[in-house]
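*Asks:* Using my numbering, the first residue of the sequence shown is number -9, and each one after it goes up by one.
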Amino acid sequence: MNLIPRRRGDASLSASSPFLTLSQNLPWNMERLFEGMLGDTWTSRESGELAIHLDMQDVEDALLVRAEVPGVDKDDLSIELSDRTLSIRGEKRAEEKRETDKELYTERRYGSFSRSLTLPLDVDAEKVEADYANGILSVRLPKATRERPKQIRIGSK
């Protein structure tokens, strides 16, 4: 029984409705629209600092974080884990220019960046691993093991 009466012509969105797909994709489409209007996605709108994009996955025994950091040298990256906060910092350095070089067109961005995210669960800090290949930083954070309940025997005095 519906507590809210249905108005005539009011139909709910079915799974095959194009309007349902549009409503589900609207936030992503709006972000893409403004991203194109406001310029390079490497630039953070708030601070002028470079911004990095990342994904986080919860797999069976770990959290996996992958960050896009193209053009950044491995030695210019640092990762820190404090409690449930993972911080990634780095710097994308500009190439050295010769005095004879003449800029005709420049879109690439250089500078420092940092990104911190709160992890949804406790991880084992001693077993965290990181790899860097082809502009992607991958961090594997094993989930902390929970101690199993222990049965305590009551002694008599």
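Cβ atoms here follow ideal geometry from the backbone N, Cα and C, with glycine treated the same way. Note that the structure is a prediction, hence the values are computed from the model and not measured.
Buried or exposed: where does VAL49 fall if 16 or more other Cβ atoms within 10 Å of its Cβ makes it buried?
*Replies:* Working through the sequence shown from its first residue, we reach residue 49 at position 59. Under this definition VAL49 is an exposed residue.
*Asks:* Would you check if the distance between the CB atom of GLY125 and the CB atom of VAL59 is smaller than 8 Å?
*Replies:* If you number the sequence shown from 1, residue 125 lands on position 135. If you number the sequence shown from 1, residue 59 lands on position 69. It is a contact, given that the beta carbons lie within the stated cut-off.
*Asks:* Tell me whether GLU97 sits in a helix, a strand or coil according to DSSP, three-state version.
*Replies:* Here residue 97 is taken as the residue at index 107 of the sequence shown, counted from 1. It is coil, neither helix nor strand.
*Asks:* Quickly, what does DSSP pair ASP45 with across the bridge? List them, please.
*Replies:* Here residue 45 is taken as the residue at index 55 of the sequence shown, counted from 1. Answer by DSSP bridge pairing, in chain order: ARG56.
*Asks:* What is the DSSP secondary structure of LEU16, counted as helix, strand or coil?
*Replies:* Within the sequence shown, the letter at position 26 stands for residue 16. Note: LEU16 maps to helix in three-state DSSP.
*Asks:* Given a cut-off of 8 Å on the beta-carbon distance, is the pair GLU39 and GLY80 in contact?
*Replies:* In the sequence shown, the residue the question calls residue 39 occupies position 49. In the sequence shown, the residue the question calls residue 80 occupies position 90. Going by C-beta atoms, GLU39 is not nearer than 8 Å to GLY80.
*Asks:* Under a Cβ-count criterion, where at least 16 other Cβ atoms within 10 Å of its own Cβ denotes burial, should ALA57 be classed as buried or exposed?
*Replies:* By one-based count along the sequence shown, residue 57 stands at place 67. Buried: at least 16 other Cβ atoms inside 10 Å.
*Asks:* Near ALA120, what residues of its chain come up, given a Cβ to Cβ distance below 6 Å and the 5 sequence neighbours on each side ignored?
*Replies:* Translated into the one-based positions of the sequence shown, residue 120 becomes position 130. The answer, listed in chain order, is ILE69, VAL129.
*Asks:* Report yes if the C-beta distance between ILE78 and ARG99 is below 8 Å; otherwise report no.
*Replies:* Taking the first residue of the sequence shown as position 1, residue 78 is located at position 88. Taking the first residue of the sequence shown as position 1, residue 99 is located at position 109. Going by C-beta atoms, ILE78 is not nearer than 8 Å to ARG99.
*Asks:* Please check the pair ALA115 and LEU71, which I expect to be a contact at CB under 8 Å, by giving their CB distance rounded to whole angstroms.
*Replies:* Indexing the sequence shown from 1 puts residue 115 at position 125. Indexing the sequence shown from 1 puts residue 71 at position 81. Sure, about 5 Å apart at Cβ, within 8 Å.
*Asks:* Buried or exposed for LYS82, please, with buried defined as at least 16 other CB atoms from any protein chain shown within 10 angstroms of its CB.
*Replies:* What you label residue 82 is simply residue 92 of the sequence shown in a count that begins at 1. So LYS82 ends up on the buried side.
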